[in-house]
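Residue numbers (the UniProt record's numbering): 1 to 117.
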């Protein structure tokens with residue numbers, strides 16, 4: 001169940017995110033397809049920040065299996081993107097106004113939720 005404080009902040013998604021070491025990503029993808037068939041699941045494979053830029057929130061929400069690597073989410077470009085979503089002038093949450101950041105995050109969340117409906 002979703003905690004009361006978080007109701008309205010979750011984006012419905014039916015899939016499973018599997019984060020892997022970079023060297024195992026293609027193996028997992030091929031094993032899924034080999035043993036379950038190429039059409040068994042709606043796959044989304046994220047190998048780089050470029051992949052993240054081209055996919056939509058709807059793509060993620062509709063995928064049944066999302067495969068990616070730890071490296072993508074620890075990359076400096078991804079971290080920079082997270083800071084930009086904090087909606088503060090300095091892109092540093094602790095230096096900005098909490099209420100301004102929260103309003104910006106809520107607007108962003110509403111946009112993503114509309115995109116996945």
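For each residue, glycine too, the CB sits at the ideal point set by N, CA and C.
Beyond the five residues adjoining it in sequence on each side, residue 66 comes within less than 6 Å, by CB distance, of 15, 17, 44 in the same chain, given in chain order.
Distances from the CA of residue 42 to each of 108, 82, 103, 62 were compared; the closest alpha carbon is that of 62.
Annotated three-state conformation of residue 68 is strand, per DSSP. About 6 Å separates the beta carbon of residue 116 from that of residue 11, a gap short enough to meet the 8 Å contact definition.
Remark: C-beta atoms of residue 22 and residue 69 approach each other more closely than 7 Å.
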